[in-house]
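Protein chains: 2
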Amino acid sequence: MENPDASPHRSGCPINLGLEVFGDRWSLLIVRDMMFAGKRHFREFLASDEAISTNILADRLAKLVEAGVLTRADDPAHKLKAIYSLTEMGIELLPIVAEISRWSRKYQPVDPELAATGEARDRGGPGAVAAQMEALRRVHLNGEN
Amino acid sequence: MENPDASPHRSGCPINLGLEVFGDRWSLLIVRDMMFAGKRHFREFLASDEAISTNILADRLAKLVEAGVLTRADDPAHKLKAIYSLTEMGIELLPIVAEISRWSRKYQPVDPELAATGEARDRGGPGAVAAQMEALRRVHLNGEN
DNA sequence: CTCCAATGATTGCATTTTGCAAGTGATTGC
DNA sequence: GCAATCACTTGCAAAATGCAATCATTGGAG
């Protein structure tokens, strides 16, 4: 116990606690890749447009696993391959990601092609987000929750 | 023109473009203070629980103004005081902030007292967020939009 | 068997960002 | 006048980031 009084959090505010988990330029991009591109492996995340570097990716994956947003497992077919899954906690980040998408599509110079899935979700009305979350549960939570 | 080919963005993905504006540990806390605590002045932001330092605060305020999320004006009563206002773009960050709050209240060790306003918003059902945004418009957009 | 490409990382190092404390100049209240 | 207040700026150490090279292991081809 080096410092028994050290509080791990800056405050107990919900916004702050969320930002402490995913408030950086990379974490939600990893979550996005899992949700919309079906990525599960280290090399797949590396291939995204934003060009994350290997040390940052390894660091963020470890932090997201520690936070309970992702889990890491050995691929049964390839011992070398690690396979990452979203937890229920991670899947429930989708409403946040969807709102960020909506805001950016309204106010930022988004690539129309990359905006298409978000637009489709909006057209789906309420329930589209819930349906997408259900689909993610079927892929990522294999009866182990 | 030091580098005429420099693209200002890592990618045109909506999630990425949003994170480039507010994807850090501080920006959304400033927005939160304006939305829920009615803060408008530099010194008020400094007084928050998370203890932002003056140089970071000055940097983030400038970046948010440049991004179009906030505006800065001289206080008519006090020449020394700067007064910050949310733009419509900034007010429309509320759905994102509200979803972060929901997620954190479900999964993080939030302070119950600080969670109360979010819980009330949830109890208000859909429309509570829109109503809160309308209230912010009345305060921050004085007929100048 | 042996080689070799592919795997998820780690390491070293330069650059950038952050955090903290002190200080700045202008202005206001008394 | 003059101390207090205002929004910042500056200097400097520490931490995070970005980039390139490298690592140990493994699976498959020949």
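Protein sequence lines, in the order shown, are assigned to chains D and R.
Quick note, in our numbering, the first sequence goes up one by one and the last residue is 145.
Quick note, in our numbering, the second sequence goes up one by one and the last residue is 1145.
Cβ coordinates follow ideal geometry from the N, Cα and C atoms, glycine included.
| Item | Value |
| --- | --- |
| Contact with chain D by residue 1070(R), beta-carbon distance below 8 Å | no |
| Sub-8 Å separation of residue 129(D) and residue 94(D) beta-carbons | yes |
| Beta-carbon proximity list for residue 68(D), same chain, < 7 Å, skipping 5 on both sides | 87 and 89 |
| Beta strand (DSSP E) runs wholly inside the region 1010 to 1074 of chain R, at least 3 long, in chain order | 1070 to 1074 |
| The region 1118 to 1136 of chain R: positions lying closer than 7 Å to chain D by Cβ | 1118 |
| Residue 152(D) (DSSP reduced to helix, strand or coil) | Residue 152(D) is absent from the structure shown; chain D starts at 1 and stops at 145. |
| Partner residues on chain D for residue 1114(R), Cβ-Cβ distance less than 8 Å | 11, 12, 13 and 14 |
| C-beta neighbour in chain D for residue 1140(R), strict 8 Å | no |
| Enclosing alpha helix (DSSP H) for residue 1080(R) [first to last residue] | It is not in any alpha helix (DSSP H) - residue 1080(R) carries neither H nor E in the DSSP assignment. |
| Partners in chain R for residue 28(D), counting only beta-carbon separations shorter than 8 Å | 1015, 1019 and 1023 |
| Bounding residues of the alpha helix (DSSP H) (the contiguous stretch that carries residue 87(D)) | Taken as a continuous stretch (DSSP letters only), residue 87(D) belongs to no alpha helix (DSSP H), as it is neither H nor E. |
| Inter-residue CB distance, residue 1014(R) and residue 132(D) (contact presumed, cutoff 8 Å) | Not quite, the Cβ-Cβ distance comes to about 15 Å (not below 8 Å), so this is no contact. |
| Beta-carbon contacts of residue 1031(R) that lie in its chain and below 6 Å, excluding the five residues immediately before and after | 1093 |
| Residues of its chain near residue 1028(R), where Cβ-Cβ distance is below 6 Å and the 5 sequence neighbours each way are ignored | 1022 |
| Three CB pairs or more closer than 8 Å across the region 61 to 79 of chain D and the region 1058 to 1065 of chain R | no |
| As assigned by DSSP and simplified to three states, the class of residue 1202(R) | The structure shown does not extend to residue 1202(R), since chain R is modelled only from 1001 to 1145, so the question has no answer here. |
| is_contact[residue 1076(R), chain D] using C-beta, thresh 8 Å | no |
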